[in-house]
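Q: Quick one: the structure is below, questions incoming.
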Amino acid sequence: MKKSKLIISFLVLMIFMNWTSIFAVTDSEFESNQSYYRTLCSTPHTAKENKDLCSKFNVFLSGKIEEANSKANEYKGQMEKYKGDLQEQLNLAAEYQAIIDDYKIQITALENNIASLEASILEIEQEITLREEEIAAKDAIIIERMQKTQSDMRFGYEIDFLFKAIDFTSLIASASLVNDILEIEAIQIKEIDKLIEQQKESQAVLEQNKVTIALNMETVNANKANTEVLKREVDIAAANHLKLIEEISRLQEQAYADADAVRKAIQENQKALNALPSSSSFMRPISGGYLSAKVWHYYGSNVPHYGYDYASSAGTPIYAAANGVVVASANGCPTFGRLGDMCGRAQGGLAGGGNQVHILVNVDGKTYALNYSHMQVNSPIASGTVITQGQVIGRIGSSGNSTGPHVHVEVYYLGNRSINDYLSTWNGSLLHGLNMNFNRRCMDIGMSAPCRLDPGAVF
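Our numbering applies: residue 189 is where the sequence shown begins, and numbers increase by one.
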């Protein structure tokens, strides 16, 4: 009695532990380890061992579909709320782009999982087919035996069985043989029952996998739809940003310094300029900091960018790249501007460049122009100043069309002329005859002056 109670208690405990292990898995656990559970439930043998758990995971996936479907309305039209505030639009676009990137990862993972489930279904279907063949074979053996036994059990079989026995020992042997046959039949039937039970399990997993595939496909479609909605919103911000850049570019092409005034100011320092040797190389604009944007396009967009952005804290010194002279200086913009701030043009520089310095330098006998934008107020060095490599010409700020402390640097190649020779014919263009486009990139036209250089090629 005690032994049977112990066995029952043990079985109850095992059942409780099994159910507890299933229901102890929460949605937050599924959320954190989706990849693990997708693999677990798409692999035939582990899916069978965790059938109830995988069923619960499917319920979780179903909830995720509803969540994904509800997101489209949440995303749609958000950019319109920030109409006129490009900075907020770009901030939101950055958030949305991160979500798009995440959706792409999810879609790839789901499509891979669907492929695994489809492979799993094929494997299970093959198992089912083989098992059906085995069951049919065992059934045939049993039926054949039964038919043979029935044909042998003609009238008088029992009498033959009793009276043909020579002695009691042979009677017992005959009875034992019949018993063995019955036991074999019982074993065969048990084996068939076991195979049938395995078939049921495989069929259940098969159906569960089909449900999971359907759920995954729904999630993929929902994620793709959300990606399209998000992309349309991001494109709105990108188009507005491009429109701003185009307007700034149009204004910058109209930027001219007073060339005669610059030449006059330089004449006062002509002796110092003539005494300057050509530098042997370029010097990086700042010490430390980091490169926050490269040339030609902003990262991940088609918005043009004509220089390098070196980011550091406000007030960080900016150094002259080489020996030369300052040909333009703009000052008076607040140290911290914002996206779309055109400050700089009225101060004598490029629109949106904020506080800025434009210099001519000579390196290895060749003349280059550089402009440094977005400086701290009152830090730009004066126009007409003769400068030496490494001299502080300003300090990092975020003035004009800027969203954070950095210095934007552009480099133009002007040919094998001396600084004096170039200045003698310079018309004051702060772009030195170039337009705000990629028509004259040095990398495309073989260093034919004037042309735009990739700052990374010289720094």
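C-beta: ideal position from N, C-alpha, C; glycine also.
Considering only DSSP beta bridges, list what Ile401 is partnered with.
A: BP columns for Ile401 are empty, so no partner.
Q: Taking C-alpha atoms, which residue in Phe524, Ser561, Thr555, Ala557 lies nearest to Ala539?
A: Considering only alpha carbons, the answer is Ser561.
Q: Write down every uninterrupted run of the beta strand (DSSP E) in the segment 478-566 whose length is 3 residues or greater and which is fully enclosed by it, in chain order.
A: DSSP runs (the beta strand (DSSP E)) wholly in the segment 478-566: 478-481, 496-499, 505-507, 512-518, 543-551, 554-563.
Q: Of the residues Glu406, Leu558, Pro593, which one's Cα is nearest the Cα of Gln577?
A: Ranking the options by Cα distance to Gln577, first place goes to Leu558.
Q: Taking Cβ positions, are Val514 and Ile569 nearer each other than 8 Å?
A: Contact: yes.
Q: Answer with yes or no whether the minimum CB distance from His594 to chain D is below 8 Å.
A: Absence of chain D from the displayed structure is noted, only one protein chain being present.
Q: Any idea what DSSP makes of Val422, helix, strand or coil?
A: Three-state DSSP puts Val422 in a helix.
Q: How is the alpha helix (DSSP H) around Val652 delimited, first residue to last?
A: With the chain covering 189 to 647 only, the question about residue 652 has no answer from this structure.
Q: What's the call for Glu237, buried or exposed, on a 16-neighbour Cβ count within 10 Å?
A: Classification of Glu237: exposed, given that the 10 Å Cβ count is below 16.
Q: Go to His233, then tell me how far its alpha helix (DSSP H) extends in each direction, as first and last residue.
A: Taken as a continuous stretch (DSSP letters only), the alpha helix (DSSP H) holding His233 covers 232-237.
Q: Cβ atoms of Ala392 and Lys239: under 8 Å apart, would you say?
A: Cβ distance < 8 Å, so Lys239 and Ala392 count as in contact.
Q: For the pair the segment 521-532 and the segment 627-639, tell me if three or more CB-CB distances fall below 8 Å.
A: Touching, no, given that fewer than three Cβ pairs across the two stretches are closer than 8 Å.
Q: Tell me the rounded alpha-carbon separation between Ile312 and Ala645.
A: Each residue's Cα considered, the two are about 60 Å apart.
Q: Skipping 5 residues on each side, what residues in its chain have a beta carbon closer than 8 Å to that of Leu622?
A: Cβ within range, chain order: Tyr600, Arg628, Pro638, Cys639, Arg640.
Q: Going by DSSP, what residues sit across from Leu641 in a beta bridge?
A: Note: Leu641 sits in a beta bridge opposite Val599.
Q: Sorted by chain position, which residues of the same chain lie with C-beta nearer than 7 Å to Gln266's C-beta, five sequence neighbours on each side aside?
A: Leu280, Glu421, listed in sequence order.
Q: Whose CA, out of Ser390, Ile287, Ile424, lies closest to the CA of Glu276?
A: Of the candidates Ser390, Ile287, Ile424, the one whose C-alpha sits nearest the C-alpha of Glu276 is Ile424.
Q: What does Tyr224 pair with, by DSSP beta-bridge criteria?
A: DSSP lists no partner for Tyr224.
Q: Could you tell me whether the Cβ atoms of Pro232 and Ser308 are closer together than 8 Å?
A: It is a contact, given that the beta carbons lie within the stated cut-off.
Q: Does DSSP put His429 in a helix, a strand or coil?
A: His429 falls in the helix class under three-state DSSP.
Q: Roughly how many angstroms separate the alpha carbons of Met405 and Ser250, rounded to a whole number?
A: Distance between the alpha carbons of Met405 and Ser250: 11 Å.
Q: Quick one: what's got a C-beta closer than 7 Å to Tyr556's C-beta in the same chain, skipping five residues either side?
A: Only Val549, Val599, Tyr600, Tyr601, Leu602 meet the Cβ criterion.
Q: Assuming Ala502 contacts Ile607 under a Cβ cut-off of 8 Å, what Cβ separation, rounded to an integer in Å, is found between them?
A: With 8 Å as the limit, Ala502 and Ile607 do not qualify as a contact, their Cβ atoms being about 31 Å apart.
Q: Does Ser590 come out as helix, strand or coil in the three-state DSSP assignment?
A: Note: Ser590 maps to coil in three-state DSSP.
Q: Residues in the same chain with beta-carbon distance under 6 Å from Gly592, minus the five sequence neighbours each way, listed in chain order, please.
A: Ser586.
Q: Return the CA-CA distance between Glu219 and Gln544, expressed in angstroms with no decimal places.
A: Those two C-alpha atoms are separated by around 50 Å.
Q: Does DSSP classify Ser308 as helix, strand or coil?
A: Helix.
Q: Give me, in chain order, the residues of the same chain whose beta-carbon lies closer than 8 Å to that of Ala426; leave out the 5 immediate sequence neighbours on both sides.
A: Excluding sequence neighbours, Ala426 sits near Ala281, Ser489, Asn490, Val491.
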